[in-house]
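Q: So in numbering that gives the first Met the number 0, spot 299 of the sequence shown is number 298, and the numbers just go up one at a time. I have a structure here, written as structure tokens, and I will follow up with some questions on it.
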Amino acid sequence: MAPNKRVVAAYRAMGSLGIDESKVKSALKKLLKVFDKNWELIEAENYRVLADAIFEEDDNMVTELKKKIQSDDVHSTRHSLPSFSNNQEDETESEEAQMHIERALPLKRLRLRGQESQPLHPLTNSATSPPSKRPKLEDNALHQGSSGKKPQNKPESSDGNTRIEAPSLQLPDDIVDKGKQPASTQVLQRGRKLTSGRSSPSTPSKEPTVEAGKFLLPNNMMPRTQALIIPKNEPIDEVPDYEMPIAVIPPEPSGRDSSLKNGVAGKHVSHVTVTSSECRDGVRDEDASPTSNEEATCNIEIASSTLGEVKLSLSCSSALWGSKFHMPRPDEIIEMMEEKCLFSYKIADPNFSVMKLLRDLCDCMLEFRSNPNNDPEEGSILRSNVDVSKESQEPGTLDVVRNKDLDMLSDVSNGPINVSPSAAVASPRSFLLLADLNGVNDAVLDPKMDQTTNDFSQCNVRKELECPMSPNSHSLVIVPQDQLTVDDSDLTKGEENVEIPWVNEYTNDFLPSFNYIPQNLVFQDAYVNISLSRVGSEDCCSTCAGNCVLSVPCACANKTGGEFAYGSRGLLKEQFLESCIAISRNPQKHFFYCKNCPLERIKNDGGLEPCKGHLKRKFIKECWSKCGCGKQCGNRVIQRGMTCKFQVFFTSEGKGWGLRTLEDLPKGAFVCEFVGEILSIKELHERNMKCTGKGKHTYPVLLDANWDSGHVNNKEALCLDAASFGNIARFINHRCFDANLVEIPVEVEDPGHYYYHFAFFTSRKISAHEELTWDYGIDFDDHDHPITLFQCSCGSKFCRHMKRSNIYFMFQRHKPAYNDNYKIWSSFLFWSGVLLDSCYSSFCTSVSDLGHLIWNHIIIFKIWNKFSFLI
Ligand SMILES: C[S@@+](CC[C@H](N)C(=O)[O-])C[C@H]1O[C@@H](n2cnc3c(N)ncnc32)[C@H](O)[C@@H]1O
0 MAPNKRVVAA
10 YRAMGSLGID
20 ESKVKSALKK
30 LLKVFDKNWE
40 LIEAENYRVL
50 ADAIFEEDDN
60 MVTELKKKIQ
70 SDDVHSTRHS
80 LPSFSNNQED
90 ETESEEAQMH
100 IERALPLKRL
110 RLRGQESQPL
120 HPLTNSATSP
130 PSKRPKLEDN
140 ALHQGSSGKK
150 PQNKPESSDG
160 NTRIEAPSLQ
170 LPDDIVDKGK
180 QPASTQVLQR
190 GRKLTSGRSS
200 PSTPSKEPTV
210 EAGKFLLPNN
220 MMPRTQALII
230 PKNEPIDEVP
240 DYEMPIAVIP
250 PEPSGRDSSL
260 KNGVAGKHVS
270 HVTVTSSECR
280 DGVRDEDASP
290 TSNEEATCNI
300 EIASSTLGEV
310 KLSLSCSSAL
320 WGSKFHMPRP
330 DEIIEMMEEK
340 CLFSYKIADP
350 NFSVMKLLRD
360 LCDCMLEFRS
370 NPNNDPEEGS
380 ILRSNVDVSK
390 ESQEPGTLDV
400 VRNKDLDMLS
410 DVSNGPINVS
420 PSAAVASPRS
430 FLLLADLNGV
440 NDAVLDPKMD
450 QTTNDFSQCN
460 VRKELECPMS
470 PNSHSLVIVP
480 QDQLTVDDSD
490 LTKGEENVEI
500 PWVNEYTNDF
510 LPSFNYIPQN
520 LVFQDAYVNI
530 SLSRVGSEDC
540 CSTCAGNCVL
550 SVPCACANKT
560 GGEFAYGSRG
570 LLKEQFLESC
580 IAISRNPQKH
590 FFYCKNCPLE
600 RIKNDGGLEP
610 CKGHLKRKFI
620 KECWSKCGCG
630 KQCGNRVIQR
640 GMTCKFQVFF
650 TSEGKGWGLR
660 TLEDLPKGAF
670 VCEFVGEILS
680 IKELHERNMK
690 CTGKGKHTYP
700 VLLDANWDSG
710 HVNNKEALCL
720 DAASFGNIAR
730 FINHRCFDAN
740 LVEIPVEVED
750 PGHYYYHFAF
760 FTSRKISAHE
770 ELTWDYGIDF
780 DDHDHPITLF
790 QCSCGSKFCR
800 HMKRSNIYFM
810 FQRHKPAYND
820 NYKIWSSFLF
830 WSGVLLDSCY
840 SSFCTSVSDL
850 GHLIWNHIII
860 FKIWNKFSFL
870 I
């Protein structure tokens, strides 16, 4: 007689929960009797009644056994001389009882993980289910692995709950750092959401509707999977081969798998192979051959926050699947994965969602990274990768991208599968990644690793660890932070006194390529006339010796009003600095308008357009080679080069790269010079024209402080362009008005002031890690400006770009006229206040006129104060 399909289905459903057939049989019999063979009632809610009946039976049995043991104990106590055989029997019986308890408990726990009031396996109707409670998990059951040893760091959450440890954490010695916790354990410990997150009531679940037993396969096709909850003291390798749905890891022996099982042979422990079940179970891949090179990709990106501090990117490529491959929609993949998880890991929580799980993984990484105390290797970061089987060339890769303090974590793929984070495709770095992705060790794929570690065998500091979420599916590897997040290699290539590293905490982008030069270089036509003969005795102090700043001001102080700009500690004197800041903040007051402006001349092909104005700046004059003092003279600050610790970093506000200090800086300190190619204005104009429309820019600084001196010919009108050749100043971003740096021209070699050094000094005290900024002096309305206009994100409350619509910018459009007539405008503001006052007073006669007058003038005064700095 053919087996009853409904009975078989019931067995399978229970089997997937690890329930013994014999138990199912007896419970089913009883239920059929009770329900008068009404199968609908038994099948409802995925055989909930049946499961409950089995549990109840277990409970009863346990209670009965306990009672029996107790009564036997009493009995044996009463009979003080029990026979030896009796005693043995008792022990056996009692052990059996314990075994029943042990066996029953996991199932019970499993049920508790879901909702008491909900179906045991809530695959249906769960959308209407109330959120589940967080499961309470017994420490012992969860923390004792096969060895029975407790983990060194007992994973406790802030709420005091002990975290679940997955059996997959039982790692071969080789892949666990000696004496240290496996990284994945740490992740798990830290990642409270990894475990608790499953039961988070906040996440709405996408419940798949799955027929019971849909995924069941014959035993011989069953993968070895591991449940997240293991019974107390149950050794991991004794986790039974439950009759399971298709799981993540088929037990196919491969070089990599076996190496893993053997403790990951050698040092090459960077991958664990994961293979899509679609390929292994023969559902789809039989006729799929790598015939087409046409790539369709399907990307899922999950980030820890909107800033994407940690980003997990899942990419599929159809490249190897031929034309028959249908690229699944992301939600299809997620849904399918959820079904697998629900079956494979027996996650009975209706709120379980794969997306949530992945997001939690991101959070864990962030948490892991941000709490160095959690980390046995302080400052380490996680490096994760999933390798699609090297041999089988299958799609599906998991790529974890470090963002916050994690540099891009390399991704490993097989064949041409694109594992690159989509956002990085355009970056040089990701280009490298794409080009190299061919199942090679991820370390090799990571160009930055190459640069920073030189020898990736250093990566044996990385620990290959299995992730509890998806055993064997991906590895978590620790890489010392400094090897990934910060490029310690000096971007100045040793050209400066200090080394300058760079870091990108937000994207995968590498530093733009440029040539580091410590000093300005003439490009071609620029006329830079440096000769000793041009330096007259009035421009040098040939008789000085030692430190000029400490003695009576010499000739070199003449250009700064008979006093040196620098004080004894090498900082700018307060008064000098303040006047430079004032000029920079109120440029209109210090503009001069040249009669035949070189800029306009070049732009208009000789035609005459009125000069838009140049800043008449204060100069610093430093001692130089014709002076008698030495290099250590206090009046040779910029010549000695930069001395502070800086770092180039990727800004989070969309400004691209920026420069920050790594140490506190006092007010008036020299930071660095703006170094670049010395171009004539004509050359700059030509460059700008060439760049137009090609997404290229120049980074120019006009050396125009002396253009009022008369007619400046084309070769003498100079600028610096740091786009291709420059120093770290090319990374200093703009800030409107209240920047923390001020630019000051410094005369060193050329007394003529056509060519001078453009130096940055701190305009105030700056704390370590603050970004360094200067006001480019951009008029955001001037579309002819040599600096390509950008959307300003300086964040200053005085931002000129953001406040274009305000009254100031109305005036700014008519700047010269406005400047000439600012007294008229101020009178206007004053008298409008008086007018306002009198109108107001006439309406409010009940209140004292004097009070109104004072009140209105306070308002007017405030308005005036707000805008007076602009005049
Ligand atoms: C001299 S570069 C500064 C370094 C640049 N951020 C980089 O990544 O190379 C000038 C360019 O930086 C960007 N930038 C500078 N300051 C900015 C700001 N306040 N807001 C937005 N972008 C800014 C603009 O693209 C500008 O053209």
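All C-beta atoms in this analysis are idealised placements derived from N, C-alpha and C, irrespective of residue type, glycine included.
1) Return helix, strand or coil for T761, following the three-state DSSP convention.
2) Among K654, I41, C579 and F618, which one has its Cα closest to the Cα of H733?
3) So, does the CB of R11 fall closer than 8 Å to a CB anywhere in chain C?
4) What does DSSP give as the partner residues of C671 in its beta bridges?
5) For C671, is the beta carbon positioned less than 7 Å from some heavy atom of ligand 1?
6) Is L656 near ligand 1, in the sense that its beta carbon is under 7 Å from a heavy atom of that ligand?
7) Can you tell me the Cβ-Cβ gap for L27 and F34, rounded? I've got them flagged as a contact below 8 Å.
8) By DSSP, does E233 sit in helix, in strand, or in coil?
9) Tell me whether the stretch 673-684 and the stretch 718-729 touch, counting them as touching only if at least three CB pairs, one residue from each stretch, are closer than 8 Å.
10) Which whole-angstrom value is the C-beta distance of V23 and A43, which I expect to be below 8 Å?
11) Have a look at S195 and V647 and give me their C-alpha separation to the nearest angstrom.
12) Among Y775, L661, G709 and V551, which one has its Cα closest to the Cα of V700?
13) Is it the case that the Cβ atoms of L771 and R639 are separated by a distance below 8 Å?
14) According to the Cβ coordinates, are P665 and K594 closer than 8 Å?
15) Hey, would you say the C-beta of H782 is under 7 Å away from at least one heavy atom of ligand 1?
16) At which residue ranges does the stretch 708-778 contain complete beta strand (DSSP E) runs of 3 or more residues, listed in the order of the chain?
17) So, for F618: in the same chain, excluding its five sequence neighbours on each side, which residues have a beta-carbon less than 8 Å away from its beta-carbon?
18) So, is T542 buried or exposed, given that buried needs 16 or more other C-beta atoms within 10 angstroms?
19) Relative to the C-alpha of H589, which residue among Y565, C798, E662 and S578 is closest?
20) Are V670 and G569 closer than 8 Å when you measure CB to CB?
21) Quick one: what's got a C-beta closer than 7 Å to H710's C-beta in the same chain, skipping five residues either side?
22) Looking at the strands, I want to know which residues DSSP matches up with H696.
23) Decide if G612 is buried, meaning its Cβ has at least 16 other Cβ atoms within 10 Å, or exposed.
24) For M13, collect the residues of the same chain with a Cβ closer than 6 Å to its Cβ; drop the 5 residues on either side in sequence, then sort them by chain order.
25) With DSSP run on the structure shown, which of helix, strand or coil describes S16?
26) Measure the CB-CB distance between I516 and F759 and report whether it falls below 8 Å.
27) May I have the straight-line CA-CA distance separating L607 from S708, to the nearest angstrom?
28) Can the beta-carbon of A722 be found less than 8 Å from the beta-carbon of H696?
29) Whole alpha helix (DSSP H) runs in the stretch 530-604 with 4 or more residues, listed along the chain?
30) Can you give the beta carbon distance from D524 to K714, rounded, assuming they're within the 8 Å contact cut?
31) What are the boundary residues of the beta strand (DSSP E) that includes L661?
32) Buried or exposed: R616, going by 16 or more other Cβ atoms within 10 Å of its Cβ?
33) Please list the terminal residues of the continuous beta strand (DSSP E) segment that includes F351.
34) May I ask which residues mark the beginning and end of the alpha helix (DSSP H) holding N496?
35) Using the Cα positions of I678 and G629, report the straight-line distance between them to the nearest angstrom.
36) Nearest by alpha-carbon distance to E20: which of K29, V7 and L31 is it?
A: In brief:
1) Strand at T761.
2) Nearest Cα to H733 within the set K654, I41, C579 and F618: K654.
3) This model lacks chain C altogether, as it is built from one protein chain only.
4) F759
5) no
6) Before going on, a small fix: residue 656 reads as Trp here, not Leu. Yes - ligand 1 has a heavy atom lying nearer than 7 Å to the Cβ of W656.
7) With 8 Å as the limit, L27 and F34 do not qualify as a contact, their Cβ atoms being about 10 Å apart.
8) With a pLDDT of 35 at E233, under the threshold of 50, the predicted position of this residue should be treated as unreliable, and no value is reported.
9) yes
10) About 16 Å; that fails the 8 Å criterion.
11) No answer about S195 holds up, because its pLDDT of 33 lies below 50 and its placement is not dependable.
12) In this structure, Y775 is the residue among Y775, L661, G709 and V551 with its C-alpha nearest to the C-alpha of V700.
13) no
14) no
15) H782 Cβ: outside cutoff for every heavy atom of ligand 1.
16) Within the stretch 708-778, the complete beta strand (DSSP E) runs of at least 3 residues are 717-725, 740-746, 756-761 and 770-773.
17) A distance below 8 Å between beta-carbons, with the five flanking residues on each side excluded, links F618 to the following residues of its chain, in chain order: K558, T559, A704, I743, P744, V745, E746, H752 and Y755.
18) exposed
19) S578
20) no
21) N595
22) None, per the DSSP bridge assignment.
23) buried
24) V23
25) First, the amino acid is wrong: residue 16 is Leu here, not Ser. Three-state result, L16: coil.
26) no
27) 18 Å
28) yes
29) 573-584 and 597-602
30) Rounded, the Cβ-Cβ distance is 6 Å, consistent with contact.
31) That residue, L661, is in no beta strand (DSSP E); it is neither H nor E in DSSP.
32) With 16 or more other Cβ atoms within 10 Å, it is buried.
33) Taken as a continuous stretch (DSSP letters only), F351 belongs to no beta strand (DSSP E), as it is neither H nor E.
34) Careful: N496 lies outside any alpha helix (DSSP H) and carries neither H nor E.
35) Checking the sequence, you will find Leu at residue 678 rather than Ile. In this structure, the straight-line span from the alpha carbon of L678 to that of G629 is close to 31 Å.
36) V7
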